[in-house]
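Notes follow the structure.
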DNA sequence: GGTTGTCCTTGACTTGAGTCAACAGAGCAC
DNA sequence: GTGCTCTGTTGACTCAAGTCAAGGACAACC
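Protein chains in written order, with my numbering: chain A, 2 to 231; chain B, 2 to 231.
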């Protein structure tokens with residue numbers, strides 16, 4: 002697929018003209034990254050942003066001793082690394098593919114020119130940033146005000162919300178990465194999955210988890226109930 | 002001061018024409034709130050956003066048992082409550098003044114019309130949202146990867162960065178509110194201030210804190226050093 | 001087939017920070 | 001003055017979740 006065709010399919014660019022798609026295509030760069038490579042690093046200067054074409058990209062912070070907190074995992078069609086385009090010029094976090102991925106890169110200046118002329122693009126971009134602010138506010142809420150079982154319950158329900166009728170969810174990432182998304186470590190996650198199983202909330206089979214007690218999980222996620230000690 | 006004059010001074014509206022200022026002024030509403038009143042609540046529908054004129058406004062999340070996590074404290078000139086304008090229509094958190102405050106309210110639709118026609122306003126707004134994303138990313142990093150002494154050290158250095166040469170900082174909020182900003186509780190904050198004092202990092206005099214060892218605080222904030230046990 | 005590395009789990013232990021309770025000082029109301 | 005609320009501090013205790021260490025399951029690769 003050529004660059005223009007990719008661009009035409011991106012929700013961010015919904016509503017822009019054919020000519021503008023063509024203009025964008027002419028300045029966009031295609032890049033591919035292998036698992037484990039670095040796309041960008043926290044604090045590094047950024048002169049453009051990316052959109053995922055294939056694969057999945059994780060955005061994360063690192064502590065001094067190497068512990069990781071995942072902020073986002075983006076899939077095809079989703080933009081990432083936009084913050085330095087509009088403010089500060091430096092990336093606020095690190096970025097790495099979870100698996101071999103291809104992305105399209107849009108240089109800052111051309112994109113800003115385009116945005117100035119394009120009300121629908123502007124509103125799309127404001128929507129993207131707003132959605133992220135909302136998710137971050139929820140994450141801060143979780144990290145500060147909930148315990149790990151509550152965060153996990155919320156995450157499971159959230160995954161389930163996208164595949165509604167089924168009471169099964171399939172984890173989209175390895176459990177160690179899930180731990181990093183929830184702000185904890187694999188050992189703790191493992192123990193909590195075990196407790197939730199013992200207490201009849203869920204049934205775990207590898208990456209497939211059956212939600213046996215949605216109501217109970219909801220109460221856990223809202224802090225109205227806690228896991229008992231055995 | 003009339004509405005138009007206020008608007009002319011807001012950084013967000015820098016670069017818009019006199020006519021547009023006048024248009025905005027004609028639709029903007031002035032409101033004042035007493036300490037303890039609610040401006041908006043988490044989950045409530047929002048059909049516009051606010052800009053602080055005087056006083057200070059806190060934006061916060063609440064846990065089931067009433068613990069508070071402060072996300073922002075905004076002062077004069079700063080916009081707040083924009084997320085529902087661009088996405089989802091509901092406020093992602095609660096808002097309350099810290100003290101008697103006046104704000105200006107801009108209804109959603111008129112503002113969206115204006116934004117579509119105004120490249121500089123658009124870029125200002127994208128900048129505002131991007132700055133917030135950056136701050137939230139830092140907060141998530143802090144909450145997930147640092148201990149309370151590290152967060153406090155980072156906060157003190159941050160306050161100090163705005164009044165550079167002096168090694169004094171003046172807390173702008175009561176200590177119980179500071180605790181809620183740092184994701185902890187007043188008792189813990191109090192104990193940590195005491196330890197930092199004993200160990201020569203700072204000297205506390207009510208709301209004035211002298212930074213005696215900036216380098217040490219920096220190391221604490223980066224997780225390179227920890228407070229010792231006595 | 002064996003080696004290597006990744007992912008996951010379990011056990012024993014430690015600890016940071018929260019809970020609960022009590023109290024002191026400041027400011028304000030009456 | 002006396003009482004009241006708000007803010008901040010301190011002590012004793014508890015507990016969620018982290019650290020450290022070990023081992024199992026599994027796939028990938030030579």
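For glycine and all other residues, C-beta sits at the position ideal for the given N, C-alpha and C. These numbers come from a predicted model, not from an experiment.
Chain B beta carbons: is any one of them nearer than 8 Å to that of residue i?
{"i": "residue 187(A)", "result": "no"}
{"i": "residue 41(A)", "result": "no"}
{"i": "residue 120(A)", "result": "yes"}
{"i": "residue 65(A)", "result": "yes"}
Let me know the secondary structure DSSP gives residue i once reduced to three states.
{"i": "residue 228(B)", "result": "coil"}
{"i": "residue 48(A)", "result": "coil"}
{"i": "residue 138(A)", "result": "helix"}
{"i": "residue 119(A)", "result": "coil"}
{"i": "residue 108(A)", "result": "strand"}
{"i": "residue 200(A)", "result": "coil"}
{"i": "residue 212(A)", "result": "strand"}
{"i": "residue 57(A)", "result": "coil"}
{"i": "residue 171(B)", "result": "strand"}
{"i": "residue 103(B)", "result": "strand"}
{"i": "residue 66(B)", "result": "coil"}
{"i": "residue 133(B)", "result": "helix"}
{"i": "residue 206(B)", "result": "strand"}
{"i": "residue 91(A)", "result": "strand"}
Under 8 Å, Cβ to Cβ, is there at least one residue of chain A near residue i?
{"i": "residue 21(B)", "result": "no"}
{"i": "residue 101(B)", "result": "no"}
{"i": "residue 174(B)", "result": "no"}
{"i": "residue 9(B)", "result": "no"}
{"i": "residue 111(B)", "result": "no"}
{"i": "residue 138(B)", "result": "yes"}
Residues of chain A with CB closer than 9 Å to the CB of residue i, please, in chain order.
{"i": "residue 150(B)", "result": "The premise fails here: residue 150(B) is roughly 13 Å from chain A at the closest Cβ pair, so nothing lies under 9 Å."}
{"i": "residue 1(B)", "result": "What is shown of chain B runs 2 to 231, which leaves residue 1(B) out entirely."}
Which residues of chain A have a Cβ atom closer than 8 Å to the Cβ of residue i, listed in chain order?
{"i": "residue 313(B)", "result": "Because chain B in this structure spans residues 2 to 231, residue 313(B) falls outside the shown range and cannot be described."}
{"i": "residue 135(B)", "result": "84, 88, 89, 93"}
{"i": "residue 212(B)", "result": "Result: empty, since nearest Cβ-Cβ is about 21 Å, beyond 8 Å."}
{"i": "residue 236(B)", "result": "Because chain B is modelled from 2 through 231, residue 236(B) falls outside the range shown and cannot be assessed."}
{"i": "residue 46(B)", "result": "Those do not exist, as residue 46(B) stays about 14 Å from chain A at its closest Cβ, beyond 8 Å."}
For residue i, return the contacting residues in chain B, with the cut-off set at a CB-CB distance below 7 Å.
{"i": "residue 128(A)", "result": "87, 88"}
{"i": "residue 145(A)", "result": "70, 144, 184"}
{"i": "residue 162(A)", "result": "Simply none; closest approach about 15 Å."}
Using the beta-carbon of each residue, which ones in chain B are nearer than 8 Å to residue i?
{"i": "residue 53(A)", "result": "Within 8 Å Cβ-Cβ: nothing; residue 53(A) doesn't reach chain B, min ~18 Å."}
{"i": "residue 207(A)", "result": "Going along chain B, no residue has its Cβ under 8 Å from residue 207(A), so there is no contact; the nearest lies around 27 Å."}
{"i": "residue 179(A)", "result": "Per Cβ cutoff of 8 Å: no residues; residue 179(A) is ~14 Å from chain B at best."}
Residues of chain A with a CB under 7 Å from the CB of residue i: which are they?
{"i": "residue 142(B)", "result": "62, 70"}
Taking Cβ-Cβ distances shorter than 9 Å, what residues in chain B pair up with residue i?
{"i": "residue 155(A)", "result": "Those within 9 Å of residue 155(A) in chain B number zero; the least Cβ separation is about 12 Å."}
{"i": "residue 116(A)", "result": "120, 123, 124, 127"}
{"i": "residue 216(A)", "result": "Result: empty, since nearest Cβ-Cβ is about 16 Å, beyond 9 Å."}
{"i": "residue 224(A)", "result": "64, 65, 66"}
What residue does the alpha helix (DSSP H) around residue i start on, and which one ends it?
{"i": "residue 11(A)", "result": "Careful: residue 11(A) lies outside any alpha helix (DSSP H) and carries neither H nor E."}
{"i": "residue 178(A)", "result": "176-183"}
{"i": "residue 162(B)", "result": "149-163"}
{"i": "residue 75(A)", "result": "Note, residue 75(A): premise wrong, no alpha helix (DSSP H); beta strand (DSSP E) at 69-75."}
{"i": "residue 87(B)", "result": "84-87"}
Looking at the secondary structure, which residues open and close the beta strand (DSSP E) in which residue i lies?
{"i": "residue 1(A)", "result": "With chain A running from 2 to 231 in the structure shown, residue 1(A) is simply not present."}
{"i": "residue 30(A)", "result": "30-34"}
Exercise. Is the stretch 125-142 of chain B touching the stretch 73-81 of chain A in the sense that three or more CB pairs, one from each, lie closer than 8 Å?
Worked result: No, the stretch 73-81 of chain A does not touch the stretch 125-142 of chain B.
Exercise. Just checking, does the stretch 4-23 of chain B make contact with the stretch 200-214 of chain A on the three C-beta pairs under 8 Å criterion?
Worked result: Between the stretch 4-23 of chain B and the stretch 200-214 of chain A there are fewer than three C-beta pairs closer than 8 Å, too few to call the two in contact.
Exercise. Would you call the stretch 112-130 of chain A and the stretch 113-122 of chain B in contact, with 3 or more CB pairs under 8 Å?
Worked result: Output reads yes: the stretch 113-122 of chain B touches the stretch 112-130 of chain A.
For this session: Would you check if there are 3 or more beta carbon pairs closer than 8 Å linking the stretch 8-22 of chain A to the stretch 56-76 of chain A?
Result: Under the three-pair Cβ rule at 8 Å, the stretch 8-22 of chain A does not count as touching the stretch 56-76 of chain A.
Exercise. Between the stretch 40-60 of chain B and the stretch 77-93 of chain B, do at least 3 Cβ pairs fall closer than 8 Å?
Worked result: These segments touch.
Exercise. Looking at C-beta atoms only, is the number of pairs between the stretch 217-228 of chain A and the stretch 187-200 of chain A that lie closer than 8 Å three or more?
Worked result: Contact between the stretch 217-228 of chain A and the stretch 187-200 of chain A is present, because at least three Cβ pairs lie under 8 Å.
Problem set entry | At least three beta-carbon pairs within less than 8 Å, the stretch 168-184 of chain A to the stretch 61-74 of chain A | Yes, since at least three Cβ pairs between the stretch 168-184 of chain A and the stretch 61-74 of chain A fall closer than 8 Å, the two stretches touch.
Exercise. Just checking, does the stretch 89-98 of chain A make contact with the stretch 158-165 of chain B on the three C-beta pairs under 8 Å criterion?
Worked result: Too few Cβ pairs lie closer than 8 Å, so no.
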